[in-house]
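Protein chains in written order, with this note's numbering: chain A, 256 to 625; chain B, 256 to 625; chain C, 256 to 625; chain D, 256 to 625.
Even glycine gets a Cβ: it sits at the ideal position worked out from N, Cα and C.
Computed from a predicted model, the values in this text were never measured in an experiment.
4 protein chains.
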Amino acid sequence: METMKAVVKTKPEFGAELQDKPIPKPQPDWLIVKVRATSICGTDVHIYKWDPWSADRIGAKALPQILGHEVAGEVVEVGSSCKRIKVGDYISAETHIYDPGDLTSMLGAFHVGKNMKILGVDYDGCFAEYFALPESICWPNDKSIPSVIASIQEPLGNACYAVLGEDADVAGKSMVITGDGPISLFAIGVARVCGVAKIIHLGKYDFNMEIARKMGADLQLYTNQTTAQERLEFVMDHTGGDGVDIALEMVGSQDSINDCFAMVRKAGRLTAFGIAPESPVPVDYNNGIVFKGCQIHGINGRKIFDTWYRNRNLLASCRLDPTPVITNIFPLSEFATGFEKMLERPRKSAKVVLFPDKAEYEAAAKFMKE
Amino acid sequence: METMKAVVKTKPEFGAELQDKPIPKPQPDWLIVKVRATSICGTDVHIYKWDPWSADRIGAKALPQILGHEVAGEVVEVGSSCKRIKVGDYISAETHIYDPGDLTSMLGAFHVGKNMKILGVDYDGCFAEYFALPESICWPNDKSIPSVIASIQEPLGNACYAVLGEDADVAGKSMVITGDGPISLFAIGVARVCGVAKIIHLGKYDFNMEIARKMGADLQLYTNQTTAQERLEFVMDHTGGDGVDIALEMVGSQDSINDCFAMVRKAGRLTAFGIAPESPVPVDYNNGIVFKGCQIHGINGRKIFDTWYRNRNLLASCRLDPTPVITNIFPLSEFATGFEKMLERPRKSAKVVLFPDKAEYEAAAKFMKE
Amino acid sequence: METMKAVVKTKPEFGAELQDKPIPKPQPDWLIVKVRATSICGTDVHIYKWDPWSADRIGAKALPQILGHEVAGEVVEVGSSCKRIKVGDYISAETHIYDPGDLTSMLGAFHVGKNMKILGVDYDGCFAEYFALPESICWPNDKSIPSVIASIQEPLGNACYAVLGEDADVAGKSMVITGDGPISLFAIGVARVCGVAKIIHLGKYDFNMEIARKMGADLQLYTNQTTAQERLEFVMDHTGGDGVDIALEMVGSQDSINDCFAMVRKAGRLTAFGIAPESPVPVDYNNGIVFKGCQIHGINGRKIFDTWYRNRNLLASCRLDPTPVITNIFPLSEFATGFEKMLERPRKSAKVVLFPDKAEYEAAAKFMKE
Amino acid sequence: METMKAVVKTKPEFGAELQDKPIPKPQPDWLIVKVRATSICGTDVHIYKWDPWSADRIGAKALPQILGHEVAGEVVEVGSSCKRIKVGDYISAETHIYDPGDLTSMLGAFHVGKNMKILGVDYDGCFAEYFALPESICWPNDKSIPSVIASIQEPLGNACYAVLGEDADVAGKSMVITGDGPISLFAIGVARVCGVAKIIHLGKYDFNMEIARKMGADLQLYTNQTTAQERLEFVMDHTGGDGVDIALEMVGSQDSINDCFAMVRKAGRLTAFGIAPESPVPVDYNNGIVFKGCQIHGINGRKIFDTWYRNRNLLASCRLDPTPVITNIFPLSEFATGFEKMLERPRKSAKVVLFPDKAEYEAAAKFMKE
């Protein structure tokens, strides 16, 4: 049996180990991918830390399990009933393994159905030389997109869907985007290239605020150096007293949720993307929703594959340059350093990408320098 | 100076008086309407009771003021700069007097702008033989619609907009509608004639539950005889375990809000119409919005004049019969009895319509019997 | 090998034969259905007649081939990789066998992709006791819907998608619907139950005009007894001089296309469903499209499975009664009589349904009488 | 009576004259604007040439009449019933003077109503030091936008509405744009800044093709050096064989219409903006509309004021730089040279802007050099 290197969660405690594991074989409608680049998501960090969410969601019984779900790689083997994807295809993986018989799937909202399984959470993930995934969630990449970029399309897709919402009507509008994480930073870039005419960013870490400016933020506010009232007045001052057309809540904190409901204008749109540490959350129901006549779009995942298509086009055309958000790259074997970067506070990183293969790593290092 | 009978709020306390008042003269872009029928809104009841909201919103200094804003009547005089409406037109009044220079107005969302004034709240209303209103909010009625029906188009418009939401995509879908008030009952009727295929009504008063059935509710739940868990299970049982496509929150209570966020399916739509007694309101932000990927439409007023157009067509074609909701009619002089009916608990009424003119009253009485 | 009765196109000429054929076995992602009811489509009539379209589209080399694609039946065997559908499920078949790797499929528009295959055209169809189809196009029926009704959901879906268009925004609007065929008649029914407030029907055969009235047409015009100018004036007279909000072109003739482009109001919507006998077609591009600022929705097939979902709900709730359109039912063995009915001119039929099983036929005969 | 300089169409023949005319006085809901910059539209050229369209649309009886409708200026006097706009406001003019009582206006589609009047066609225009217009069509400009830019917002609005269509869903999509005129060139710029990921431009004049590249065209085809088949193959080659997501027909010629219907992908969108020299136009109805399942948006004018709002934001933020399209500026007195530039073939100009005031002209000259 052939083996591969993989980052494995072995015990219900902080950390993970690099182990030799058998290279997986595909079920009939799954396929096997040789990983070229794979990036670390906040979900991976939760599992790495083995916080209460992971202990509950995954559970000690499921271990050992390979981490990771953000990826770009080459298909090396396909199951007998695969139809769309062929050996040699350069693909990325949608994380959400949907149930095709679920009503929301049958109605086209594949990303939020019942019985959803998650790559790297319910199945072995892609922090490895090879991994298995169902054909249904494979997205064929444009060959011109480097693997380091292709690997981050999944979180970029979150950003793209959050910015565009259900209707993709953003051109010439104003937008507040909250948060310092990679998805907030990607969202600023997407908003910028998709014609959002005024981007107001709310963050708190110098390192990430600078990336936000590179991605295209027009105006910025430090949430840890201002009051809610000051932030609201700032936004009103820069929007003729009306508030922004669209507010993207990407933090999940009470303060950020309050900011967004206050800052969005009448008949505007609020994207609810951030997950609150505790729910229910007190929300200004009367003034923030009913009297405002606004629309709230709960955003989870990405549209399959509408978001992927737009992402691919924006990347392949070089309209969108996500490289400022990719702050660190490492060989897969140095995954622990990658996780350390992700855990550092105040933040000194955004997106961290890992490479099982040395040549890929070196090519990415060269690309990132240019 | 000619005078007219009018129902006037004279003092900052419970009640109102029938008084002789001068017939108003129009400003250049206003016009004068002879009232044929006028119905009592919950807002009128607040003002009649002079509850804390009225004391704060209107204030004792504004008194005396004529009540009322739901109306049908005939234009008897137009200001010098009126353009659309002519003497003799049979009109109803949109309550929201929008500021044409406000951004949301300029973008077409006339119903939720800044600087909004309300007929019967910021100006003398229509519980009178005549009243004045700006031409901008006049809607020309179809002559075939009796005045008793035409007068209730404003709350029917609330119902129509709440049911249809921003996109009017309801055909063949399932819907929960909460509440016993006239707007909930109208909403059931609108949903029924617009192709909602399963209407689940949540109410509590026998009298109104029966009207709801006449209006087209398929299934009903008494909220005062069931637990939240029982209600949720009932809805899940009748929707294949998915929840309803659309939930209309029309009460504003914590229980009703919770019901709606729980009952709407993934990728569904929730209409937030009811006003909460206190805001902020705890909302299941994570599971009810973000993970559900649903859309929330805050609904206030009616689309000007999109909703009025649909309403008119549904009424003129007799597709929609709102008469079961019109439970009481009185001459205007018996307004106090009308308010008593509205205040009775348990509810024994829905919509109450008043008529300044005896012949109109008698015609309506005859119509309602048929 | 077990055999079954099937209606087979054996030769490239008018007609078909009832033959014994082997019961098919499923490929891994296909399944086998025992047919309970199957209805005759215009496409089947083309093939039956072996007109130039069939000779070109199917070709003599493909014969013998079993006809039919409108169906309801019970799953009796599933291929090894089927996931959604189980033996015993009561299903209907979407006719369009889409390529999952096609871009439009990946973007959710499954019904218009490249490489589309058609049941009963590219594969053996369902005018038989059993037939095979891919799991991907199976729709699970509500058990409460009789097979005679369930079989016509495919053309009813055409009607539903044509009426609702891309946005399903029809409530309270006015609509012109052209044509005498079953899909026009179904469309009238769908429009009626989905809140279209004024339905103007343009047809020419007495028999079908009467069905149109039963389905809910408010106003009718004989196209063979009026001039284009008379028809336009009639529509303008009944729409306040504006034209209809929505025009459904379901014939494809130059006259009908001209009528629809003339009758739709400014900023209205025109559904292009009918197929022209010859294309290109002269269209009033300037006044009918550009200056009118209207939207034209090309409609082909049905949304998979959004339309099916709405259809099922409208039928299961009995909101929509399609039985007036089902004018004839026969045992499968009397298929030739069914085709005769379809070919008769002036039309004396609309939808014809066939039943391989005698008991099913008798149950349907009883149901249709009630 | 005070007088002003104005470019007046005096006789029903080629040309116009600079004359002294009285400065207009406002009606109650009109206002007077001191012109800072005014640009020449193709419509002005038609009238200047006095072609058959002008002779028919305006007629000799209406002369003398002042030309022009694209403008930026300062309000110097307001009528007695004006509400939104004040003396000193810096405004531009929507050309379409809509009837507020028309149904389409009442439904929010102000730009395509009945009884539409056009500035500079039905009324004296703005090729003058002062002109009058109704308050209803005034758009308040952002003070930071130079008058030379603010004056071209009306045709830029055409471009913006044509690109965004009814739904503004363009981000990450591919687009064909046809034509060499200023609106085609503006459309390329709008598409570029609004996230269209691949812009394929079809034109024929070197001078304008170069501007198109500056505005952001990714790929170009000379329509006078290629066959329809070559153009289609080129587009298919650059879109994976699917065709473009969106095609903007901005010429109106049979060839350009054919190109666009052929090049748009299944389930795509075609914007019909160009006006055909003769209508009806043969259109590939079956394959280009019905079987393709595409949507056609007839686009005329601009959304009032949704398009203006987006335009203003894109310009004020400097996201969109329209200056490459502004090829010539002249003092108003040199209007004849401006018209000559517009009439030159092969084209050697795009947008020409005129300035009644010398200081404004010099400021614009300086701005354009930077």
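Item, Value
"Residues that B/N370 contacts on chain A, provided the C-beta gap is smaller than 7 Å", "Those within 7 Å of B/N370 in chain A number zero; the least Cβ separation is about 11 Å."
"C/K289 at chain D interface by Cβ criterion, 8 Å", "no"
"Close-in-space but distant-in-sequence residues of the same chain around A/F441 (CB under 7 Å, 5 per side omitted)", "P410, L411, A414, P577 and V580"
"Residues in the stretch 383–410 of chain C having any Cβ partner in chain E nearer than 8 Å", "The structure shown contains no chain E; its protein chains are A, B, C and D."
"Buried versus exposed call for D/R567 [16 or more other C-beta atoms within 10 Å across all chains shown]", "buried"
"B/H456, enclosing alpha helix (DSSP H) - first and last residue", "Segment K453 to G458 is the beta strand (DSSP E) holding B/H456; no alpha helix (DSSP H) there."
"Closer than 8 Å to chain C by CB, D/Q484", "no"
"CB contact check: B/C549 to chain C, cutoff 8 Å", "no"
"Cβ neighbours of C/T494 in the same chain (closer than 6 Å, five flanking residues each side left out)", "S429"
"Continuous alpha helix (DSSP H) assignments of at least 4 residues falling wholly in the stretch 394–421 of chain C", "402–405 and 408–419"
"Short CB-CB distance (under 8 Å) between C/N542 and chain B", "no"
"Where C/K341 meets chain B, residues with beta-carbon distance less than 9 Å", "Those within 9 Å of C/K341 in chain B number zero; the least Cβ separation is about 15 Å."
"Buried/exposed call for D/K613, threshold 16 Cβ in 10 Å", "exposed"
"Contact the stretch 463–470 of chain B vs the stretch 528–544 of chain C: 3+ CB pairs below 8 Å", "no"
"Spatial neighbours of C/D424 in its chain, beta-carbon cut-off 7 Å, leaving aside the 5 residues before and after", "none"
"Sub-8 Å separation of D/A261 and D/I400 beta-carbons", "no"
"Collapsed DSSP secondary structure at A/D299 in the structure displayed", "helix"
"From B/F516, B/T258, B/Q282 and B/H351, residue whose alpha carbon lies closest to that of B/K558", "B/H351"
"Cβ neighbours of B/G498 in the same chain (closer than 6 Å, five flanking residues each side left out)", "M518, V519 and R520"
"Top-ranked residue by Cα proximity to C/G334, from C/I584, C/A387 and C/V445", "C/A387"
"Contact set for D/M597: own chain, Cβ-Cβ below 7 Å, skip 5 residues either direction", "I295, V300, S604 and V607"
"Neighbour flag for B/N555 against chain C, beta carbons, 8 Å", "no"
"Rounded straight-line distance, which links the Cα of A/Q320 to that of B/G543", "30 Å"
"C-beta neighbour in chain C for A/S336, strict 8 Å", "yes"
"Residue closest to B/K266, alpha-carbon to alpha-carbon, out of B/D306, B/K469 and B/E625", "B/D306"
"Within-8 Å CB hit, D/V425 to chain A", "yes"
"Cutoff 6 Å; reference A/A502; Cβ partners in own chain excluding five residues on either side", "V431, C515, M518, V519 and L525"
"Strand pairing of D/D424, partner residues [DSSP]", "A/D424"
"CA-to-CA distance, C/V330 to C/F590, given in whole angstroms", "23 Å"
"B/Q282 - DSSP class collapsed to helix/strand/coil", "coil"
"Start-to-end residues for the beta strand (DSSP E) that takes in A/K613", "A/K613 -> not in any beta strand (DSSP E); alpha helix (DSSP H) instead, spanning K613 to K624."
"Endpoints, the alpha helix (DSSP H) within which A/Q550 is located", "Not the alpha helix (DSSP H): A/Q550 falls in the beta strand (DSSP E), residues Q550 to G553."
"8 Å Cβ cutoff met for B/E421 and B/H552", "yes"
"As assigned by DSSP and simplified to three states, the class of C/F686", "The question about residue 686 of chain C has no answer here: the residues shown for chain C are numbered 256 through 625."
"Interface residues of chain C facing A/D561 [CB-CB closer than 7 Å]", "L362 and G363"
"Host beta strand (DSSP E) of A/K264 (start-end)", "T258 to K264"
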